[in-house]
Amino acid sequence: MESAEDRRAAQPYDAVIIGGGAAGLNGALALARSRRSVAVVDAGDPRNAPAAQVHNYLGREGTAPGELYGIGRDEVRSYGGTVLQGRASGVRREKDGLFSVLLADGRRLGARRILATTGVRDILPEVPGLAARWGATVLHCPYCHGWEVRDKAIGILAVDMDVAMHQAMLWRQLSEDVVLFLHTAGEPNAEQARQLAARRIRTVHGEVAGVEGAGADVRLAGGDLVQRDALAVFTRLEARAEYLAPMGISAVEQFMGATALGTAVEAGPAGATSVPGIYAAGNLTAPMTQVIASAAAGLMAGAAINADLAAEDTSRAVAALEATL
Ligand SMILES: Cc1cc2nc3c(=O)[nH]c(=O)nc-3n(C[C@H](O)[C@H](O)[C@H](O)COP(=O)(O)OP(=O)(O)OC[C@H]3O[C@@H](n4cnc5c(N)ncnc54)[C@H](O)[C@@H]3O)c2cc1C
């Protein structure tokens, strides 16, 4: 029997949004409120799912991620938008110029425009014990988790000295007890050593062999254990963009100075990619941004898609009018 999505493939949505986190849902909200037919396809694993709460989100401070996105889905549906559970496996352009979004389960959605908001995956350093504590006592971001561990015993796991110095100074703002584990980052230079000493940040030599305990106690390769309540780490951020490859869009390496941060899809300020009709927003294009900034980027991209569609609708209307003259 023909499904609702099959019928939609014949009669495409104005926009299909791939990814239903903050960016995708806010893009959908802008489009649905502009009376555009819109479907969000979401695989259901937003980046901050391991965290108990979302912080630095004005008006919803401390809400659980699942609750925040549930509210967002309800808001999109309240304006007539569709939210589907599913994973996009590819995008292709059809002969008539429309897009098809192919889902891993075989479904296909037709669309005039695509907004990609699938975010990034965090690749943790390969140290036993990190993954099990990720988002609870193994942390990446002082703005997301810092207040909750203020005045606690905090460690920094260094894999790159410039990044570790940046992290150390931000976490030192939250606690006087910060230990920098040099791990695989090498030695601080003379200026860095002076700064660490001035801020009373202790450095510990030797590779970290594992993280243990209810907090994030650090076991060194030599056998010593250093008690810590939380451990800050630097994760590589990899764009979840594989399904865009058939359209010639791939994620490119991002740098902070000489340090490789991960990959992102390149897009303009309102989300336009190198392929006309395909937009991208949120962590997928700006991996370092927070939830509220990702939502704002989704709104911008949704508005840009609406304007793009309005221009196309107007051209078609003019052509139809002229055909009657
Ligand atoms: C542990 C942790 C805690 C954090 N805490 C905070 C915090 O307190 N405050 C804050 O502001 N920021 C926080 N962040 C950052 C925050 O997670 C990001 O800013 C935010 O998630 C980016 O939103 P997004 O919509 O771009 O991507 P995401 O939220 O990652 O959403 C992407 C969505 O796309 C879906 N998806 C992926 N691939 C596909 C596909 N092929 N097909 C269909 N759907 C797909 C995913 O399932 C997901 O639902 C935290 C990050 C981490 C890792």
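Under numbering that gives the first Met the number 0, the first residue of the sequence shown is numbered 0, with each subsequent residue one higher.
By construction, the Cβ of each residue, glycine as well, lies at the ideal position given by its N, Cα and C atoms.
Coarse secondary structure for residue i, derived from DSSP in three states
| i | result |
| --- | --- |
| E1 | Legend: pLDDT at E1 = 49, less than 50; position of this residue unreliable, value from coordinates given subsequently. DSSP places E1 in coil when its eight states are reduced to three. |
| A14 | strand |
| S99 | strand |
| L320 | helix |
| T116 | coil |
| T62 | coil |
| L57 | coil |
| A21 | helix |
| L108 | strand |
| L308 | helix |
| G325 | With the chain running from 0 to 324 in the structure shown, residue 325 is simply not present. |
| S88 | strand |
| A295 | helix |
| L123 | coil |
| E74 | helix |
| A51 | coil |
| L302 | One detail in the question is off: residue 302 reads as Ala in this sequence, not Leu. Helix at A302. |
| A213 | coil |
| R35 | coil |
| R220 | Note that residue 220 corresponds to Ala in the displayed sequence, not to Arg. A220 falls in the coil class under three-state DSSP. |
Own chain residues within Cβ distance below 7 Å of residue i, not counting five before or after
| i | result |
| --- | --- |
| T93 | Position check: residue 93 holds Glu in this sequence, whereas Thr was assumed. Same-chain partners within the cutoff: S99. |
| W133 | P49 and L123 |
| Q52 | G61, T62 and A63 |
| E184 | According to the sequence as given, residue 184 is Ala; it is not Glu. Counting only Cβ-Cβ distances below 7 Å, and skipping sequence neighbours, we find A157, V158, D159, M160 and A163. |
| A300 | G26, L114, A269, G270, Y278 and A280 |
| A152 | D176, Q226, R227 and D228 |
Nonlocal neighbours in the same chain, by C-beta distance under 6 Å from residue i, ignoring five residues either side
| i | result |
| --- | --- |
| V39 | I16, G19, G23, A27 and V82 |
| L101 | S88, G89 and R107 |
| G80 | A27, A31 and V37 |
8 Å CB neighbourhood of residue i in its chain, flanking five on each side removed
| i | result |
| --- | --- |
| R171 | V177, R198 and I200 |
| P245 | G89, V90 and R91 |
Residue i at chain B interface by Cβ criterion, 8 Å
| i | result |
| --- | --- |
| Y12 | Included in the structure is just one protein chain, with no chain B present. |
Fill in: the region 54-72 / the region 222-231 touching (three or more Cβ pairs under 8 Å)
Because the criterion of three Cβ pairs below 8 Å is not met, the region 54-72 and the region 222-231 do not touch.
Worksheet entry | Inter-stretch contact (C-beta, 8 Å, three-pair minimum) for the region 308-317 and the region 279-294 | These segments do not touch.
Worksheet entry | Continuous beta strand (DSSP E) assignments of at least 3 residues falling wholly in the region 267-293 | Listed in chain order, they are 277-279.
Practice prompt. For the region 136-200, list the beta strand (DSSP E) runs that are entirely contained and at least 3 residues long, ordered along the chain.
Written response: Whole beta strand (DSSP E) segments, 3+ residues: 153-156 and 177-180.
Practice prompt. Tell me, please, whether the region 86-98 touches the region 194-204 by the rule of three or more beta-carbon pairs shorter than 8 Å.
Written response: Two segments are said to touch when three or more pairs of C-beta atoms, one from each, lie closer than 8 Å; by this definition the region 86-98 does not touch the region 194-204.
Discussion item. Assess contact between the region 34-45 and the region 136-155, defined as three or more Cβ pairs (one per stretch) separated by less than 8 Å. Is contact present?
Written reply: Judged by Cβ distances under 8 Å, the region 34-45 makes no contact with the region 136-155, as fewer than three pairs qualify.
Worksheet entry | Unbroken stretches of the beta strand (DSSP E), 3 residues or longer, contained in the region 229-263 | DSSP assignment within the region 229-263 yields the following whole beta strand (DSSP E) runs of 3 residues or more, N-terminal first: 229-231, 235-238, 251-255 and 258-263.
Worksheet item: Is it true that the region 275-283 meets the region 111-119, where meeting means three or more beta-carbon pairs spaced less than 8 Å apart?
Response: Counting Cβ pairs under 8 Å, three or more are found: they touch.
Discussion item. Can you confirm whether the region 297-306 touches the region 29-37 when touching is taken to mean that 3 or more C-beta pairs between the two stretches lie within less than 8 Å?
Written reply: Here the region 29-37 lies against the region 297-306, with 3 or more beta-carbon pairs under 8 Å apart.
Worksheet item: Would you call the region 209-219 and the region 228-246 in contact, with 3 or more CB pairs under 8 Å?
Response: Output reads yes: the region 228-246 touches the region 209-219.
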